[in-house]
Structures are given as structure tokens and as C-alpha cells.
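Residue numbers (my numbering), protein chains in the order written: chain B, 5 to 335; chain E, 5 to 335.
2 protein chains.
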Amino acid sequence: MPRERGKLLIAQSYNRPEEFKPLERYADIFWLDRMSEEEQARILPLVDCLFSHGWPKALDSKVPLMKSLRFLQTGNAGVNTVRFDLLDKKVVVCSNVGGYSDEVAEFTVGLMMAAGKSIVGFDRELRSGDYRHPTLDVVGRRVAFFRGKVVGIVGYGGIGKSTARMVRGFGMKVLAYGRHPVKERGVTGLRGPGGLTRLLRESDVVILAVPLTKATKGLIGAQQLAAMKKDAILVNVARGEVVQKEAVFAHLKANPGFSYATDVWWPGGDGRETFAPDLPFNELPNFIGTPHASGPTAIITGTMAKGVVENFTRYFQGRPLKNVVDRSEYQ
Amino acid sequence: MPRERGKLLIAQSYNRPEEFKPLERYADIFWLDRMSEEEQARILPLVDCLFSHGWPKALDSKVPLMKSLRFLQTGNAGVNTVRFDLLDKKVVVCSNVGGYSDEVAEFTVGLMMAAGKSIVGFDRELRSGDYRHPTLDVVGRRVAFFRGKVVGIVGYGGIGKSTARMVRGFGMKVLAYGRHPVKERGVTGLRGPGGLTRLLRESDVVILAVPLTKATKGLIGAQQLAAMKKDAILVNVARGEVVQKEAVFAHLKANPGFSYATDVWWPGGDGRETFAPDLPFNELPNFIGTPHASGPTAIITGTMAKGVVENFTRYFQGRPLKNVVDRSEYQ
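What follows is the structure in C-alpha cells.
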């Protein structure tokens, strides 16, 4: 059953405000950063739905004022920064899973390629004046040929599926570890702890594309790294904390043939992701780091907003929501 | 008609000598670096076929002694280093086109990704202590999304076709410039000077995969670079000299959004490829260089030798040879 006209609050400015235009049919739209204190005091208690990208610090004090809040839709695919403890139980939280899948998947393939072909390392060495022609032995160790090799994808959602399509175009085999049965032809689905172990053992490239939840925090530690091939490539486009920082640092030091290529980083002292880790990853030759740059392309192109606007439309029309978050996985 | 038993000389050591074993049925096989002076004096005049990877300097003095030489098969796909001037007109030269196609194609995609996603640049900046979170504006300029974009492939042989298959898996459109009509679905074939201009104008990524011949030397100069999009990515896996050095250097300086990613370099004073160019490419942020590392993987895996052994078998069995070089394109 369609709802009454709503009040939608958007928590921060957005480069494409016009994307939200279709929602004016169903709701009055307010932008938090354009509202006066007086207006906030009047409107916030009436707001029934909220859009937020990440969790801006300002929400800590504003959310408790939103007594009518029923629905939080995030711009992010991962909701690990949401302060569930500040949200009343009656507030439904939906993530934007799939909003960045193709963008992040392309970047994932880029990280795999940059690591597997040693492109980052070769470029760095030439820039530092090391002009040696690589011997066959060096090429053998540093330039992987991916055709026929195995990619293991941990977390087989939107990013995982999109990545699988691309690497299958290279003639790679895909092992997919997730919660749901896998239906794609040519992809072997694996489940349960034994499934993860098998994936880690058999894969030449392991891609982490899980949400950060209680269950996936620290999923990859010393034991899991030890199960992997000595010259495997580990690509992380999930969240830094899926990998145990000290364990992967030690593993990279002990195994020069192993690579860790990541777009996502561990939190610093303030709890927010930092690219200045307290261990010197940026000095390791077998590490590649990028500053969480894989997803935002989807914000620029407007892909991010598509799922958001669709879910708000479902909300106002009283239809079932997509990507409802199970809070128990985070709290 | 099958030939008499031959004498095959292999010009340098090879990490997989066993690959040539099947040819013992047709010929006595000699390895130049294992022969004494005395043996060379006796055998070289009787050698009728020669395998060489590149053109080792030693061949300059040895080839004139090979009075019975009829056939030179190279290990390389490109024969631009062959000293045609030292080879009698009756010597048929065959290249190893296709011997590295899939390996080089994967590397090509890697260079495209490393440049288009700014992976090399981001990693370098983080290593230098620049820990800023990229703004949306920065991501918009530095992280390309390839789906729906256009790849122009200049030289549509083995490497070009293999690259086209991979990038079509990303949802990219392909323009292919070459001498032969294109038959692949979803690939637009272009020919002639007008075809090249159209490819340069319309492509987001231009890939150079032509052999280095009289016709392709200096093919990409100031005029061609000016025809390209301001933020295009130029990938070179052909030979350095296909691109005019001074022109591309000036273009990179003047157009910070343009990238040049190359695995192949210009010759130095000794006429051989050098990774220490006399212009400081390695200081440009929009340049990515790797040390001619895309192909040798095929030597290690044995793919390189397949076409070589097949062509020698054709030679000894008196069947038509593959990849016969038209000398007039080089001399």
C-alpha cells in the first residue's frame, strides 16, 4: 500500500542532486547541509527516511532527533560504518549492494593484473634507474600468465559475479565462496569452512569481496595465508579489516613471491580508514596499495544513485525493499 | 616433397631444449654455443636451417660462413632485428607471429588497466607519503570506467585479436586497424589512412600491436597524437620506434590527462632497445614503463616453441611455410 507523502533527508551534498528529482513525487526532500539550525529543529523530528553516504560525524547528534525515522538507505555497498547503536530498532537499514559492482570489479581486475604482471614494481624500478633487462628467470617469477589459472572469489555478490565474468574472458577458472548456491556456468560454488580452505589452497588469485560483518572481520589470518600458494596474489576490494594486518604483513615479509594488492585499508586511531598504516606496507615490494578509489566512479557516473532511488521508490510505494541489512551481522 | 636429412643450427641456448627433440627425426641439431671452433668450421657450411631468438651479435660473423643456409626461423614475432643485409636472397625468413599473442595480450590489458585506473600512480603517491583521500573530482579524472568505451587496436594480428577478445569481455567496443578484412563479430575493421585517423579520433584506448617495418616506423607522431582524445591511453606492445619519441614526450608534458603505457622502448646508441631513454620519460607521472616483459612468459611455458617446431616440421616435410617474411618491408 502506498505511503503518505514522506520527508526524505539527505545527509550530505552530492555531485548529482538531480538524480533524486524523481523522488519529489513521493516526498519533500531536505539536504542536511543546506538547513539552518531552526529548520533542523523543526524538520528532523518529522523525517521518516534518510539517505547517507558513509556515516558523517554530524549524524551522531542528529539521528537521535529523528523520532519518526523508519528507513535508512545507504549510498555505500558496505554498511560497516553505520552506527546501528544509535538507530532505533524500528528503523530498517538497506545497503546499496550492487551500486558499484562493475566499477569495483574492473578495478579488481586491474589490481590483479598490476600485481600478477609486476607492472607497478617494474615501473618503480625503472624510475629508480634500475635499467636491467629481466632474465627469463626473473620473468618466470614476476610475470604470471593467467589463462588456465584459478581465481577464488570470497564473497560472491555483485562485485564477485562481475569480476568472474571478466576473468572468465581471460580463460581463467573461477571458484566462488559464498552463502548462496552458485548458478553461473563455469563457476564452481563452494560453501562452509571446508569450502573456504579449498578455495585458498587451489587459487592462484584470491579476491576478497565480502561485506565487513562480525563473521568476516579478520577472516584472513596467518592460518588462511599459510593455506594459500606461496606465489598467490591476494586482492582486497572488501574492507581492510577482513584481513588481519599483522598476519599479512608478516606473510609478505616471509614470502617475497606472494602479493597483496588492496584498495581498502585498516582504520586508524579515529576508527576511520587510513592510508598511513602503522606498519610500513608501503615499503614492501610485494604490496600494491590504492586509496579506496575503485568505487567512487559509480558516484560520478550516477550508477550509485540508481539502486538508491529505486529502493526509495519501493519504500514510498509500499513495495518490498531490496538489500535489507540483518543488523545481527553487525551488532 | 620431403627433404633430405638436414642440419639445424640453434643460435643460442634455450631453457627448454627438449622442445626441439621432435625435430631430430628430420635433422641433426647443433647448438652454436656448445660447438668448438673446429666443429663450427666443419659444420657451419653444411647448415641448411637456423633458429635464432633475436639476432645475437655472433651471427654477424657466422652467417656468412653458412653457405648452404636456406631457412631462418626466428623465435621472435617481430623480425626487425634480423640482419637481412647479411642473408643471401635465397634464404627464406619466417617470423614467429602468434608465438606470444595471448601472453602479450594479457600484459596489454594489464597496462591499459594500470594506466586507466591510475594504479601505478596511486601506489607511487602512497609510497611517497601522500595519504590524501581522493576527492570525487580526482577520481573522475584518474579512474576510467572501461565498460562502453572504445579500444582502437592498430595492427590486428595475433596480439590484437587476443586483446580484442579480452576487452570485449569488459563490454568495450573495438575498432581494429589492419591490412586484412576483419571477420570477428562486434569488431569494426578499419583500413587505409582514413581508417587510422578515425581510430585515433574515436578511441579511448589506442593499442599499438603492429610489427616494426618501414611502413610503421614513426607511425605515431605529433599529428596522430593531436588527433587522439586529450585523456586517451596509448599502449605500446609493438616496438618503441612505432612511436616518435620526441613527439610523445612533448605530448605527455602538454597533456597531463593523456597516458602512455609501454613495454617496448627506443634503441640506444648501440642500436639495441634501452630502458634508459635520453628523454626523462621515467619522471613523468602520466608515463608507465615496463622492461619488455610481456612476451618472455611464452618462452618459459613453451608456447613460443610450438610455432617454431611446427614450421621446421613443415620445412623438412616440404610443406608450405607459415609466416614468411616479405623482406621488402624491412630493407
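All residues carry an ideal CB built from backbone N, CA and C; glycine is no exception.
Cβ distance (whole Å) where B/D37 is taken to contact B/S17 below 8 Å: Along the first sequence, read from residue 1 onward, the residue named residue 37 of chain B stands at position 33. Along the first sequence, read from residue 1 onward, the residue named residue 17 of chain B stands at position 13. So it is a contact: roughly 5 Å between Cβ atoms.
Contact set between B/T85 and chain E, taken where Cβ atoms lie within less than 8 Å: On the first sequence, residue 85 of chain B is found 81 positions in, with the first residue counted as 1. Going along chain E, no residue has its Cβ under 8 Å from B/T85, so there is no contact; the nearest lies around 14 Å.
Reduced DSSP category for B/Q16 - H, G, I as helix; E, B as strand; rest coil: Indexing the first sequence from 1 puts residue 16 of chain B at position 12. Three-state DSSP puts B/Q16 in coil, outside helix and strand.
Contacting positions in the region 90-110 of chain B - beta carbon closer than 7 Å to chain E: Against chain E - using a Cβ distance shorter than 7 Å - the residues of the region 90-110 of chain B are D106, E107 and E110.
Counterpart residues of B/I211 in DSSP-defined beta bridges: Within the first sequence, residue 211 of chain B is the residue found at index 207, counting from 1. DSSP lists B/I157 and B/V239 as partners of B/I211.
Member of B/I123, B/Y104, B/S105 and B/D106 whose CA lies at the smallest distance from the CA of E/E110: In the second sequence, counting from the first residue as 1, residue 110 of chain E sits at position 106. Out of B/I123, B/Y104, B/S105 and B/D106, the CA that lies nearest to the CA of E/E110 is found in B/I123.
4 or more residues per run - each alpha helix (DSSP H) lying fully within the region 97-142 of chain E: Counting whole runs of 4 or more residues, the region 97-142 of chain E contains the alpha helix (DSSP H) stretches 105-120 and 123-131.
Within 8 Å of chain B by C-beta, residues of the region 55-66 of chain E in sequence order: In summary, no residue of the region 55-66 of chain E has a CB separated from any CB of chain B by less than 8 Å.
Identity of the residue in E/G159, E/S166, E/N327 and E/V178 nearest E/K221 by Cα: The sequence position of residue 221 of chain E within the second sequence is 217, counting from 1. Residue nearest to E/K221 within the set E/G159, E/S166, E/N327 and E/V178 is E/G159 (criterion: CA-CA distance).
Start and end residues, alpha helix (DSSP H) containing B/D64: As a working note, residue 64 of chain B is residue 60 in the first sequence. Run containing B/D64: L63 to K66, per the alpha helix (DSSP H) assignment.
Burial state of B/A119, where buried means 16 or more other Cβ atoms lie within 10 Å: Within the first sequence, residue 119 of chain B is the residue found at index 115, counting from 1. The residue is buried, with at least 16 neighbouring Cβ atoms inside 10 Å.
Beta-bridge pairing of B/I224 - partner residues as DSSP gives them: Looking up residue 224 of chain B in the first sequence gives position 220. Partner(s): B/V247.
7 Å Cβ cut-off: residues of chain E touching B/D127: On the first sequence, residue 127 of chain B is found 123 positions in, with the first residue counted as 1. Under the 7 Å cutoff, chain E gives V124, I292, G293 and T294.
Within the region 275-311 of chain B, ranges of the alpha helix (DSSP H) (whole runs, at least 4 residues): If we require 4 residues or more, the alpha helix (DSSP H) runs fully inside the region 275-311 of chain B come out as 301-305.
Burial state of E/E107, where buried means 16 or more other Cβ atoms lie within 10 Å: Here residue 107 of chain E corresponds to residue number 103 of the second sequence, with the count starting at 1. If you draw a 10 Å sphere on the C-beta of E/E107, you find 16 or more other C-beta atoms in it, and that means buried.
Interface flag, E/T167 vs chain B, CB-CB below 8 Å: By 1-based counting over the second sequence, the position of residue 167 of chain E is 163. No, E/T167 does not count as interfacial toward chain B.
Spatially closest choice to B/V268 from E/T266, E/H137, E/E314 and E/V241, by CA coordinates: In the first sequence, residue 268 of chain B corresponds to position 264, counting from 1. Taking the Cα of B/V268 as reference, the smallest distance to any Cα among E/T266, E/H137, E/E314 and E/V241 is reached at E/H137.
E/N290 vs E/F262 beta-carbon contact at 8 Å: Working through the second sequence from its first residue, we reach residue 290 of chain E at position 286. Working through the second sequence from its first residue, we reach residue 262 of chain E at position 258. By the CB criterion at 8 Å, E/N290 and E/F262 fall inside the cutoff.
Identity of the residues DSSP links to B/S263 by a beta bridge: The residue you call residue 263 of chain B lines up with position 259 of the first sequence. DSSP lists B/I237 as partners of B/S263.
Which residues DSSP lists as bridging B/F75, in chain order: Looking up residue 75 of chain B in the first sequence gives position 71. Answer is B/C53 and B/V96.
Limits of the beta strand (DSSP E) - the one that E/T192 falls within: Position 188 of the second sequence, counted from the start, is the residue given in the question as residue 192 of chain E. V191 to L194 is the span of the beta strand (DSSP E), which, as asked, contains E/T192.
Beta-carbon proximity list for E/T201, same chain, < 7 Å, skipping 5 on both sides: On the second sequence, residue 201 of chain E is found 197 positions in, with the first residue counted as 1. The beta carbon of E/T201 is closer than 7 Å to those of A231 in its chain, skipping five residues each way along the sequence.
Cβ-based contacts, 7 Å cut-off: residues of the region 137-157 of chain E near chain B: If you check each beta-carbon in the region 137-157 of chain E against every beta-carbon of chain B, the ones closer than 7 Å belong to H137, P138, L140, V143, G144, V147, F149, F150 and R151.
Separation of E/A15 from E/K153, as counted between CA atoms: The residue you call residue 153 of chain E lines up with position 149 of the second sequence. The residue you call residue 15 of chain E lines up with position 11 of the second sequence. Distance between the alpha carbons of E/K153 and E/A15: 45 Å.
Endpoints, the beta strand (DSSP E) within which B/A31 is located: Residue 31 of chain B sits at position 27 when you count from the first residue of the first sequence. Per DSSP, the unbroken beta strand (DSSP E) holding B/A31 starts and ends at A31 to W35.
Given 8 Å, three or more beta-carbon pairs between the region 75-84 of chain B and the region 210-229 of chain B: Contact between the region 75-84 of chain B and the region 210-229 of chain B is established, with three or more Cβ pairs separated by less than 8 Å.
Segment contact flag, the region 275-283 of chain E with the region 249-256 of chain E, C-beta cutoff 8 Å, min 3 pairs: They touch, by the three-pair rule.
Residue interval of the alpha helix (DSSP H) (run including B/K25): Reading the first sequence from its first residue, position 21 is the one you call residue 25 of chain B. Looking at the DSSP string, B/K25 is not in any alpha helix (DSSP H), and its letter there is neither H nor E.
Per-residue contacts from E/N19 into chain B (C-beta, under 7 Å): Position 15 of the second sequence, counted from the first residue, corresponds to residue 19 of chain E. One finds L140 in chain B with Cβ atoms closer than 7 Å to the Cβ of E/N19, taken in chain order.
Own chain, CB closer than 7 Å to B/S166, minus 5 neighbours either side, in chain order: On the first sequence, position 162 is the one that residue 166 of chain B refers to. The residues S105, D106 and A109, in chain order, have a CB closer than 7 Å to that of B/S166 in the same chain once the five nearest residues on each side in sequence are set aside.
Counted within 10 angstroms of its Cβ, other Cβ atoms place E/K257 as buried (16 or more) or exposed: Here the question's residue 257 of chain E lines up with position 253 in the second sequence. Around the beta carbon of E/K257, fewer than 16 other beta carbons lie within 10 angstroms, which makes this residue exposed.
Beta-bridge partners of B/Y334, as assigned by DSSP: Counted from its first residue, the first sequence places residue 334 of chain B at position 330. Looking at the DSSP output, B/Y334 shares a beta bridge with no other residue.
Cβ neighbour criterion (16 or more within 10 Å) applied to B/M176: Here residue 176 of chain B refers to the residue found at position 172 of the first sequence. Buried, because 16 or more other Cβ atoms sit within 10 Å of the Cβ of B/M176.
Which of helix, strand or coil DSSP assigns to B/V178: Translated into the one-based positions of the first sequence, residue 178 of chain B becomes position 174. Looking at B/V178 - three-state DSSP - the assignment turns out to be strand.
E/V178 and E/I163 closer than 8 Å at C-beta: As a working mapping, residue 178 of chain E is identified with position 174 in the second sequence. As a working mapping, residue 163 of chain E is identified with position 159 in the second sequence. Inclusion of E/V178 and E/I163 in the CB contact set at 8 Å is not warranted, their separation being larger than that value.
Continuous alpha helix (DSSP H) stretch holding B/A45: start and end: Here the question's residue 45 of chain B lines up with position 41 in the first sequence. Start and end: E41 to I47.
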